[in-house]
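See structure below.
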Amino acid sequence: MEVPVSHLRFPLFDSLRGIAALSILVFHVSLFTVFFAGPVDSVPGAILAHLNIGVPFFFLLSAFLLYRPFVAARVAGRDRPSFSGYAERRFLRIAPAYWAALTIAAIVPGMAGAFSGDWWAYYGLLQNLPIFTPEGACAADTQRCAIPPAWSLAIEVLFYAMLPLIVIALAWLGRRRRTGSWLVPELAAISILALVSLPISATWPIGGIAQALHFSPIGTGLWFALGLALASVSVWVEHRAGEPAWVRTVRTKPWVSLTVGLGLYLAVSIFLLVPYPLATYPLRDLDVYPFEFVSFGLIALLVMLPATFGADGGGSYRRFLRHRVTTWLGLVSYGIFLWQFPALILLFDLGAADWWPGMSFAV
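Numbered by our numbering, the letters in the sequence shown go through residues 14 to 376 in order.
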């Protein structure tokens, strides 16, 4: 199968995806350790408890890599990549591995849902939608139901389905722009998705349309919009005669945006989201969840910039992303995502939480 051109041109994104998967793994490990017991009251605990930041990284990376070939072809005057080819690649990338993990995990360690009357919802990645009521073990303990992290995968798959419509809409908008830059109206249109998601993030997602919107590409639209916007800007920069000053700064001084991003994460985690226990959730922490939603998207964007502009350049950050270990993590990131919860449940059932104190059992 042909590898998309955008993937070849942004190789450091693989490592970012692997690091995001690892952050979510560490976050989920904390569910089974002392960090789950109550409010976070230490700096290390606060840093670990908010590593769910890996989710917006996944969404930004997907939006960028999937949209960029379409906008690049449009701006260059080439034929649009085939939607059917795009759909086939997405299906083969996601469905077989997910179905295999869902089925095997239902056998060992015995995750619920896949062999229940609601099997169609879990195999179809429809579990976020209020079209069925979970029963049995899935209602009593969501940690033992299907592949628990797949709630975010279900959102991504909906975004995959929406992307052709976004491509068509933005291409139509670009054709109507006869003079001036195409970038400004495109970013304005993309910003609508981001703005719509903000009030949704501040709404209690209990049942009905509120639940469907919150756990959808619309409710998480800010994260996808940032990836779409970055893809558009990268194409615009590629076709400019001169390099904008801010791009030159990212290319020659990658530590600037990285430092700002990591500093913002530390500030948010240590000073603003404490003493909330283990991340924030809209059902429990509605007063701070919207702030986390926005800040985590901006952090992901800042950390991605040096991997977007000047990816073949120098700097310790880029060398770290090129390292064979981080590259390998990117290659197996989907497996880490799918299998971490079944593995943790199995270890927990075997008593691993008592083998060593704290997080040691999952290392």
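Glycine residues also receive a C-beta, built at the ideal position from the N, C-alpha and C atoms.
Residue interval of the alpha helix (DSSP H) (run including residue i)
i    : result
W185 : A163 to R189
M317 : Y302 to T321
F26  : L25 to L44
I66  : Looking at the DSSP string, I66 is not in any alpha helix (DSSP H), and its letter there is neither H nor E.
E101 : F96 to I120
E199 : L196 to S214
D362 : S346 to D362
L241 : G234 to E251
Beta-carbon spacing of residue i, residue j below 7 Å
i    : j    : result
H41  : S282 : no
S5   : L235 : The shown model of the chain, from 14 to 376, leaves out residue 5, and the question about it has no answer.
I349 : A85  : no
G232 : I219 : no
A31  : L342 : One detail in the question is off: residue 31 reads as Gly in this sequence, not Ala. Yes, Cβ-Cβ distance for G31 and L342 is below 7 Å.
D362 : P122 : yes
P109 : M175 : no
V307 : G274 : no
S43  : L29  : no
A244 : Y80  : yes
A184 : R87  : yes
Integer-rounded CB distance, given that residue j should sit under 8 Å from residue i
i    : j    : result
L351 : Y111 : 6 Å
A254 : L206 : Contact flag wrong, Cβ pair sits at about 30 Å.
V301 : L277 : Their Cβ separation, rounded to whole angstroms, is 15 Å, which puts V301 and L277 out of contact at 8 Å.
F304 : P69  : Their Cβ separation, rounded to whole angstroms, is 13 Å, which puts F304 and P69 out of contact at 8 Å.
A150 : A125 : 4 Å
A159 : Y135 : 4 Å
I66  : A313 : 7 Å
Residue burial classification, residue i (beta-carbon count within 10 angstroms, cutoff 16)
i    : result
L115 : buried
T146 : exposed
D11  : As displayed, the chain neither begins before 14 nor continues past 376, which places residue 11 out of reach and without an answer.
V170 : buried
A76  : buried
I358 : buried
L334 : buried
R332 : exposed
G240 : buried
D131 : buried
I179 : buried
Residue i Cβ short of 6 Å to the ligand NAP heavy atom set
i    : result
F145 : For the ligand NAP, the structure offers nothing, since it holds no ligand at all.
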